[in-house]
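Reviewing the structure listed below.
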Amino acid sequence: MEKARSFYFLALSVFSAVGAVLTQALGGWDSSLQTLVGFMAVDYILGVIIALVWKSSQKSKDGSFESAASLKGLFRKGGILAIVYVAVRLDLIVGNSGYIRTAVILFFIANEGFSIIENLGIMGLPMPAAIKNAFAAIKRQAESTKN
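Next up, the structure:
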């Protein structure tokens, strides 16, 4: 029993340390990164639900769930975080204090948001124009920040 408990605390400590290093590498666990990660999780889960229940996935030939497509989706989400890391490092080199990171995160928040809207549409949920307009405004802001 004591061994299992020690292993549990060791695993928890390692997981916490890795999480701290990753969030630091991504510029800190601020509200913009929390929003991006939350939207990425919602989009991924909705994509899996669309494939399993509605069988309307655009990632497979017949619209049903495929583990390879799901794994590719996870790698894409990881790629988004890799781009955020690159933006953080560029900000450090250029001395922008988060300017590039913010633009990149806003761009991907809008991208994930549009994907969430699309997935909810496949599920038959109506989407208020205010939500669509908000994501469009965020995307415009991110694109104007890039110039």
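Start counting the sequence shown at 36; every next residue gets the next number (our numbering). A virtual CB, placed ideally from N, CA and C, is assigned to each residue, including glycine. Predicted model only: the values in this text are computed from it and were never measured.
Asked, Found
"Same chain only: Cβ atoms within 7 angstroms of Ser150, ignoring 5 sequence neighbours per side", "Asp78"
"Best match in Leu61, Phe50 and Lys112 for proximity to Ile80 [C-alpha to C-alpha]", "Lys112"
"Residue burial classification, Leu106 (beta-carbon count within 10 angstroms, cutoff 16)", "exposed"
"C-alpha distance - Ile128 paired with Phe42, whole-angstrom precision", "40 angstroms"
"CA-to-CA distance, Leu71 to Leu141, given in whole angstroms", "8 angstroms"
"Where the alpha helix (DSSP H) through Val126 begins and ends", "According to the sequence as given, residue 126 is Asp; it is not Val. Per DSSP, Asp126 belongs to the alpha helix (DSSP H) from Ser102 to Val129."
"Whether Ile115 touches Met75 by CB criterion (8 angstroms)", "yes"
"CB of Thr189 within 8 angstroms of CB of Ser67, strictly", "In this structure the chain extends from 36 to 182, so residue 189 is not present and cannot be described."
"Buried versus exposed call for Asp97 [16 or more other C-beta atoms within 10 Å across all chains shown]", "exposed"
"Lys167 vs Ile152 beta-carbon contact at 8 angstroms", "yes"
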